[in-house]
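Trainee: Have a look at this one.
Number of protein chains: 2
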Amino acid sequence: MTSAGNKTGSSVDRVYDRLKRMAADFELKPDERINESALSSLLGASRTPLREALNRLVAEGFLTFKNGRGFFCRSLSPGRILDLYEARQAIECEALQRSVSRASDAEIQAVMAFLDETEPSYNTIDVAMSLLEMDEAFHMKLVALSKNAELVRLLSNINGRIRYVRLVDLKMLRGKTLPSRNKGAKLSAHRVILNALAARDEVAAVTAMREHIERRREEATEAVRIAYSQLYVPAD
Amino acid sequence: MTSAGNKTGSSVDRVYDRLKRMAADFELKPDERINESALSSLLGASRTPLREALNRLVAEGFLTFKNGRGFFCRSLSPGRILDLYEARQAIECEALQRSVSRASDAEIQAVMAFLDETEPSYNTIDVAMSLLEMDEAFHMKLVALSKNAELVRLLSNINGRIRYVRLVDLKMLRGKTLPSRNKGAKLSAHRVILNALAARDEVAAVTAMREHIERRREEATEAVRIAYSQLYVPAD
DNA sequence: GCATATATTGCTGTATACAATTCTGAATAT
DNA sequence: ATATTCAGAATTGTATACAGCAATATATGC
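Protein chains in written order, with the numbering used here: chain A, -3 to 232; chain B, -3 to 232.
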């Protein structure tokens, strides 16, 4: 969320990126205490930079910390997921409202082009991860149209924290709704939102966005359950 | 934002709280590099816990960090303030919408009672700081009614980051609008919002909230300028 | 056999040391 | 006068050491 590409390879940043991934992918099991010595030797850095990275992740909501006990990976209860999806709604809808008056036609067209380019591969791509990345990229581009760096920052953070659940969510979605996804037949939710924005129709855009996220949120609780079951019964 | 009362007095928490205050109050001048050794001796802790606290504050958006160069206090440009106020709108409005269906009458009444208790002293209290604390407390209580821990967390973070500007803002407000603040004459913005919530009128509540924050936001840019002038020309 | 007290072990919390990097400023060349 | 280079100083980045706390295992009394 804070750092993107670190060519210098500062130890803290390296560890931070890696840890965030581990936390997002539930490689660190929820509510399990993190052993600093073990982790530091695993990641090839000493405890000092490791702890600095851990502190960042606590501040960002990925981990928790109990004084004298150490760091823990944060558990994702259905309640928390719901909270995060609501926060996401708040942020994305606000951004969309601002974009109506702030985004230029050209900028909107650029996102449209991104959609044109990526959406066809929704059906061909098999790796759910790539699918998730495209989905996230779309939402990030959309929020960026608001020209509000803080909203971008917040969405980026939330995305990171619900990544694993969304991954499971998307997998489920694929299994269930693939047939109805014939191109041309019905516009994708993303397309509907973007079209409304291009038409400068604030109400329609926000309504579509709310519904889009709402639908995902409804599936999310189910996704959490599945995520947990996958956690403790590794797929064969 | 993360830690509230630390009786154990872990060094990093102590330093963290203190630093956050310093950053919020612009005791650390914007864009100025933070000297770790100097700070550590000033705060009476070694560099290790200091840097852990600094890293937390970077993740929370209070500071920035450049690899190999160190930590910097984040500058508050008018643009950034605007961003933060917009984020605040997003969060508080979303929370309010959820509260309409989630907050019990009793809970709303409790906030009402808080308002009854604190509002009269708006005119008597002279210390702007206390005023700000009451204002923040009200908004936090309001958001808490949404039962969404993430929204609470986000508002708490934003409040911390715009505290100094709001302080200046409130001071200005006092100077200008004190006469029109006769109790009974007109309902306070807070009261209007809460009444709408009590009546379960979502549209009215959200509208009032948007306007309330919007008005503050408009003053904010002005407040930033004043804040900066106060920064570099200490009041005599 | 159970509960309480006590030792043991492992881990966290912090300080300190040292290596690596960046900054400063003066001396030199253009 | 301006730009450049190159030590020296200052500051950051990381490793390591050790003190102190927490959890667990062991022993003791009942």
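From the three backbone atoms N, C-alpha and C, an ideal C-beta is built for every residue, glycine too. Keep in mind the model is a prediction, meaning the values are calculated, not measured.
Among the residues of its own chain, which have a CB less than 6 Å from the CB of Thr114(B), if the five just before and after it don't count?
Mentor: Excluding sequence neighbours, Thr114(B) sits near Met130.
Trainee: Measuring alpha carbon to alpha carbon, tell me which of Val161(B), Leu183(B), Phe68(B) ends up nearest Leu35(B).
Mentor: Phe68(B)
Trainee: For the stretch 28 to 60 of chain A, list every residue whose C-beta sits within 8 Å of some C-beta in chain B, in sequence order.
Mentor: Thr44, Arg47, Glu48, Ala49, Asn51, Arg52, Leu53, Val54, Ala55, Glu56, Gly57
Trainee: Name the chain A residues that come within less than 8 Å of Asp234(B), Cβ to Cβ?
Mentor: Limits of chain B in this structure are -3 at one end and 232 at the other, which puts residue 234(B) out of reach.
Trainee: Between the C-alpha atoms of Leu127(B) and Leu166(B), what's the straight-line distance to the nearest angstrom?
Mentor: 8 Å
Trainee: Measure from the alpha carbon of Arg98(A) to the alpha carbon of each residue in Thr203(A), Ala55(A), Ala140(A), Phe134(A), then state which is nearest.
Mentor: Ala140(A)
Trainee: So what does DSSP say about Phe61(A), is it helix, strand or coil?
Mentor: Strand.
Trainee: Quick one: which chain A residues come within Cβ less than 8 Å of Glu215(B)?
Mentor: Here the premise fails: no neighbours, minimum Cβ distance about 19 Å.
Trainee: What separation, rounded to the nearest whole angstrom, lies between the Cα atoms of Ala194(B) and Met108(A)?
Mentor: 43 Å
Trainee: Just confirm the distance between the C-beta atoms of Ser236(B) and Met168(B), as a whole number of angstroms; I'd bet it's less than 8 Å.
Mentor: Beyond the ends of chain B as shown, which are -3 and 232, falls residue 236(B); an answer cannot be given.
Trainee: Going by the CB atoms, is the gap between Arg159(B) and Ala20(B) shorter than 8 Å?
Mentor: Yes, these two residues count as a Cβ contact at 8 Å.
Trainee: Please tell me whether Ser6(A) has its Cβ less than 8 Å away from any Cβ of chain B.
Mentor: yes
Trainee: How about Ile87(B): is its C-beta nearer than 8 Å to some C-beta of chain A?
Mentor: yes
Trainee: Leaving aside the five residues before and after Gln93(A) along the sequence, list all residues of the same chain whose C-beta is less than 7 Å from its C-beta, in chain order.
Mentor: Glu198, Val202
Trainee: Taking only beta-carbon positions, decide if Asn63(B) is within less than 8 Å of chain A.
Mentor: yes
Trainee: Starting from the N-terminal side, write out each stretch of the alpha helix (DSSP H) that is 4 residues or longer and does not extend beyond the stretch 70 to 109 of chain B.
Mentor: 74 to 98
Trainee: In the DSSP output, what is Gly66(B) paired with across the bridge?
Mentor: When DSSP reads this structure, Gly66(B) sits in a beta bridge with Lys62(B).
Trainee: Entirely within the stretch 121 to 160 of chain A and at least 3 residues each: give me those beta strand (DSSP E) ranges in chain order.
Mentor: Unbroken beta strand (DSSP E) stretches of 3 residues or longer found wholly inside the stretch 121 to 160 of chain A: none.
Trainee: Can you tell me whether DSSP reads Gly180(B) as helix, strand or coil?
Mentor: Interpretation of Gly180(B) is limited by its pLDDT of 48, a score under 50 that renders its predicted location unreliable; the figure taken from the coordinates is listed afterwards. Here Gly180(B) sits in coil by DSSP.
Trainee: Would you mind telling me which residues of chain A sit closer than 7 Å to Arg94(B), beta carbon to beta carbon, in chain order?
Mentor: Per Cβ cutoff of 7 Å: Glu82.
Trainee: Grab me the residues of His208(A)'s own chain with a C-beta within less than 7 Å of its C-beta, minus the 5 sequence neighbours each way, in chain order.
Mentor: Ala185, Ile189
Trainee: Going by DSSP, what residue range makes up the alpha helix (DSSP H) through Glu32(B)?
Mentor: From DSSP, the alpha helix (DSSP H) with Glu32(B) extends over 32 to 39.
Trainee: So, with DSSP's three-state summary, where would you put Arg196(A)?
Mentor: Note: Arg196(A) maps to coil in three-state DSSP.
Trainee: Could you check whether the Cβ of Arg149(B) sits closer than 8 Å to any Cβ belonging to chain A?
Mentor: yes
Trainee: In its own chain, which residues sit with a C-beta less than 6 Å from the C-beta of Val164(A), not counting the 5 before and 5 after it?
Mentor: Ala219, Ile222, Ala223
Trainee: Kindly indicate the opening and closing residues of the alpha helix (DSSP H) around Asp21(A).
Mentor: Here Asp21(A) belongs to no alpha helix (DSSP H), and DSSP marks it neither H nor E.
Trainee: Starting from Pro45(A) and walking both ways along the alpha helix (DSSP H), at which residues does that stretch end?
Mentor: 43 to 55
Trainee: Give me, in chain order, the residues of the same chain whose beta-carbon lies closer than 8 Å to that of Thr217(B); leave out the 5 immediate sequence neighbours on both sides.
Mentor: Pro74, Ile77, Leu78
Trainee: Using 10 angstroms around the beta-carbon of Pro116(A), count the other beta-carbons present and answer buried if the total reaches 16, otherwise exposed.
Mentor: exposed
Trainee: What residues from chain B crowd round Ala145(A), counting only those whose CB sits closer than 8 Å?
Mentor: Arg76, Asp79
Trainee: Within 10 angstroms of the Cβ of Leu174(B), are there 16 or more other Cβ atoms? Answer buried if so, exposed if not.
Mentor: Unreliable placement is indicated for Leu174(B), whose pLDDT of 49 sits below 50; the coordinate value is still reported in the next sentence. It is exposed - the Cβ of Leu174(B) has fewer than 16 other Cβ atoms within 10 Å.
Trainee: Can you check which of these residues, Arg29(A), Ser33(A), Ala41(A), Ala133(A), is closest to Arg14(A) by C-alpha distance?
Mentor: For Arg14(A), the nearest C-alpha among the options comes from Ala41(A).
Trainee: Tell me whether Glu88(A) is buried or exposed, calling it buried when 16 or more other Cβ atoms sit within 10 Å of its Cβ.
Mentor: Label assigned to Glu88(A): buried.
Trainee: Who are the neighbours of Glu90(A) on chain B, taking C-beta pairs under 7 Å?
Mentor: Glu82, Gln85, Ala86
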